[in-house]
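J.: Numbering of the sequence shown is given in my numbering, commencing with residue 15 and proceeding in unit increments.
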Amino acid sequence: MLVFLFITSSLFAAEDNPWYIGKKIVSFENTGLQNVPASSVEDIQYSYIGKIFTDDLFNEMQGKLYAQDSFLYFLADAQRTGEGGNDLKIVMTFHELPYVSLVTIKGNEGIKSKSIVDALTVKEGSFLQEQNLTSSTQAVKDLYFTKGYPDVQVTADYTVDDATNKASLSYAIEEGAQKKISEITFEGNKTLDSEVLKKQLESKVTSYFNAGYYIDKTMQSDKNKLLTFYKNNGYIDAKITDVRTEDISAPEDKIVKLRVVFSIDEGPQWLFGGISVEGNNVFSADQFQNMVSLQKGAILDNSKVQADISSIADLYWNNGYIFNKLSTKEIRDEKTHTLSYIVTVVENKQATIEDIRLEGLTKTKPYVFMRELTFKVGDIFSKEKLIKSAQNIYNTLIVTDVQFDILNGTKENTVIPVFKVVEGNQMGHPIRCYLRR
15 MLVFLFITSS LFAAEDNPWY IGKKIVSFEN TGLQNVPASS VEDIQYSYIG
65 KIFTDDLFNE MQGKLYAQDS FLYFLADAQR TGEGGNDLKI VMTFHELPYV
115 SLVTIKGNEG IKSKSIVDAL TVKEGSFLQE QNLTSSTQAV KDLYFTKGYP
165 DVQVTADYTV DDATNKASLS YAIEEGAQKK ISEITFEGNK TLDSEVLKKQ
215 LESKVTSYFN AGYYIDKTMQ SDKNKLLTFY KNNGYIDAKI TDVRTEDISA
265 PEDKIVKLRV VFSIDEGPQW LFGGISVEGN NVFSADQFQN MVSLQKGAIL
315 DNSKVQADIS SIADLYWNNG YIFNKLSTKE IRDEKTHTLS YIVTVVENKQ
365 ATIEDIRLEG LTKTKPYVFM RELTFKVGDI FSKEKLIKSA QNIYNTLIVT
415 DVQFDILNGT KENTVIPVFK VVEGNQMGHP IRCYLRR
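Right, here's the structure in full:
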């Protein structure tokens, strides 16, 4: 069994004021490379030739070398060179991770070897790190799970030729039985029709148009989908009490055919009793009521209620009141099965923009993006304008990604919007935001 160490490299000398600090790097000498192309190391080192040595500079270079994921560790030694010995030559001794030169796959019948190889994260041509084998075997398991093999087992083993530092890697697979869904039934659904419930599920019965694989992970998401559907139809106390499978295979079947049974406790259906806001002085009750989409007495739709409460919060956020505190309380009338909501607001002062930050710029001048913003320093903060500004930056087609956040300013009731961009010319990447309430 190999034990892989990651050692932070340092130059050989350990003096308080080593001689090489502040010296110009004029050359590198490399030893110990076996399976790593010398050019991949030299390409990194080349950009440091002619630069003045500092610890930060060396740490930056070693970070790039380790980022190749091909070295166990390396050592560096400082040598004097040049006229008067005032220049610096760095001699580096590399110790590589084992290079995977051969991969074999055993025990697979239901899935082709090529598909398995495509899923591997440690394969031929990669450098072997012990901890990466776990993720590689899990990737194979995940592939099998999606094909209806919930009981698959995958193990990995390897040998290393000490002379060449090359590894032969073997994956052993115990597939287990493939399982498909032949029936989906429900127990306890007294009001919602089984056919309607089936439409909410990602899991499907085997048919000409659907493979019907049984996938454990999908079962959990199906439970959540059912609960969401019930809550959006007034059954806010609904529970999925059990999900079980029954083997209904015939003796001649080559696969396991399952009946999946969802046991449901629906509970009573609830009606919507309205949303009221307390503690509000900035906005009127009528303004909030105009934002409520459900009529009183209608069947309670939890998704609409939550969207309406979010709209109330956004009304404050879009007008700079981001330091407010909002809490929601449910009021149940057990006799009429009516559920009302009280949103309590503690209002604080509006937030103003203290500064604006752009991060990730490597080529583009800041003013190119600053002119796309819909606000400036000193303005009242607006979540709506923040999102619009990010969209404007993205629409320049200069960036492939925009992320944004807001930080607390150095002064009271101030914020600092931060835009993190990735420059490029590709399309199709999302805008992401991280707003803390």
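Ideal Cβ placement from N, Cα and C applies to all residues, glycine included. Here the structure is a predicted model, which is why all the values come from computation and not from measurement.
Quick check on Ala225: buried or exposed, where buried means 16 or more other Cβ atoms within 10 Å of its Cβ?
T.: Exposed: under 16 other Cβ atoms inside 10 Å.
J.: Quick check on Phe141: buried or exposed, where buried means 16 or more other Cβ atoms within 10 Å of its Cβ?
T.: Burial call: buried.
J.: Please list, in chain order, all residues of the same chain as Ser396 whose beta carbon is under 6 Å from its beta carbon, the five residues on each side excluded.
T.: Contacts found: Asn332.
J.: Take Phe42 and list the residues in its own chain whose beta-carbon comes closer than 7 Å to its own, dropping the five residues that flank it on each side.
T.: Closer than 7 Å at the Cβ level, and outside the excluded window around Phe42, lie Gln59, Ile104 and Met106.
J.: Contact defined as beta carbons within less than 8 Å: I believe Val413 pairs with Val382. What is the distance between those atoms, to the nearest angstrom?
T.: That pair is no contact at about 10 Å.
J.: For the alpha helix (DSSP H) that contains Lys128, what are its first and last residues?
T.: Lys128 -> alpha helix (DSSP H) spans Ser127 to Ala133.
J.: Less than 7 Å between C-beta atoms, sequence neighbours within five positions excluded: which residues of the same chain meet that for Asn316?
T.: Excluding sequence neighbours, Asn316 sits near Lys245, Asn246 and Ile250.
J.: Determine the DSSP secondary structure at Asp171, reduced to helix, strand or coil.
T.: Three-state result, Asp171: strand.
J.: Going by C-alpha to C-alpha distance, which of Tyr113, Asp279, Leu285 and Asn49 sits closest to Glu348?
T.: If we check each option's Cα against that of Glu348, Leu285 comes out closest.
J.: Just the Cα atoms here: how many angstroms apart are Lys343 and Gly281?
T.: C-alpha separation (whole angstroms): 21 Å.
J.: For Asn427, which residues in the same chain have their Cβ closer than 8 Å to its Cβ, ignoring the five residues on either side in sequence?
T.: Cβ neighbours of Asn427 beyond the five flanking positions: Phe337, Asn362, Lys363, Gln364, Ala365 and Thr366.
J.: Is the distance from the Cβ of Phe243 to the Cβ of Gln283 below 7 Å?
T.: Cβ atoms of Phe243 and Gln283: not closer than 7 Å.
J.: Taking the alpha-carbon positions, what's the Ile326 to Val416 distance?
T.: Roughly 26 Å separates the two Cα atoms.
J.: Could you spell out where the alpha helix (DSSP H) holding Glu386 opens and where it closes?
T.: Premise fails: Glu386 is in no alpha helix (DSSP H) and is neither H nor E.
J.: On the three-pair Cβ rule with 8 Å, is the segment 56–75 touching the segment 117–134?
T.: The segment 56–75 is not in contact with the segment 117–134.
J.: Using the Cα positions of Ser354 and Ala312, report the straight-line distance between them to the nearest angstrom.
T.: Between Ser354 and Ala312, the C-alpha separation is close to 12 Å.
J.: Which of the three DSSP states, helix, strand or coil, is assigned to Gly99?
T.: Gly99: helix per DSSP, three-state reduction.
J.: Return the first residue and the last residue of the beta strand (DSSP E) that Val291 is part of.
T.: From DSSP, the beta strand (DSSP E) with Val291 extends over Leu285 to Glu292.
J.: Compute the distance between the beta-carbons of Asp101 and Lys38, then report whether it is under 7 Å.
T.: Yes, Cβ-Cβ distance for Asp101 and Lys38 is below 7 Å.
J.: Taking Val296 as the reference, give the member of Val359, Gln320 and Ile229 with the closest Cα.
T.: With distances taken between Cα atoms, Val296 lies closest to Val359.
J.: Thr232 and Ser221 - do their beta-carbons sit closer together than 7 Å?
T.: Going by C-beta atoms, Ser221 is not nearer than 7 Å to Thr232.
J.: Once DSSP output is grouped into helix, strand and coil, what is the label at Phe395?
T.: Here Phe395 sits in coil by DSSP.
J.: Return helix, strand or coil for Asn406, following the three-state DSSP convention.
T.: If DSSP states are grouped into helix, strand and coil, Asn406 belongs with the helices.
J.: Just to check my reading of the structure: Leu429 and Glu373 have Cβ atoms closer than 8 Å, yes? What is that Cβ distance to the nearest angstrom?
T.: Residue 429 is actually Val in this sequence, not Leu. The pair is not a contact, with the Cβ atoms about 16 Å apart (cut-off 8 Å).
J.: Please report the residue range of the beta strand (DSSP E) in which Asp69 lies.
T.: First-last for Asp69: Asp69 to Tyr80, but that is the alpha helix (DSSP H), not the beta strand (DSSP E).
J.: Assign Asn304 to buried or exposed, taking buried as 16 or more other Cβ atoms, counted over all protein chains shown, within 10 Å of its Cβ.
T.: Asn304 should be labelled exposed.
J.: Looking only at its own chain, which residues have a Cβ that is under 6 Å from the Cβ of Lys4, when we skip the five neighbours before and after it?
T.: This structure leaves residue 4 out entirely; the chain is present only between 15 and 451.
J.: If we call anything under 7 Å between Cβ atoms a contact, is Glu110 one with Val50?
T.: Yes, they are a contact pair.
J.: Mind pulling the alpha helix (DSSP H) runs of 4 or more residues that sit fully within the segment 28–69?
T.: Here the runs fully enclosed are 52–60.
J.: Count the C-beta pairs between the segment 193–213 and the segment 268–277 that are closer than 8 Å, then say yes if the count reaches three, no if not.
T.: The segment 193–213 is in contact with the segment 268–277.
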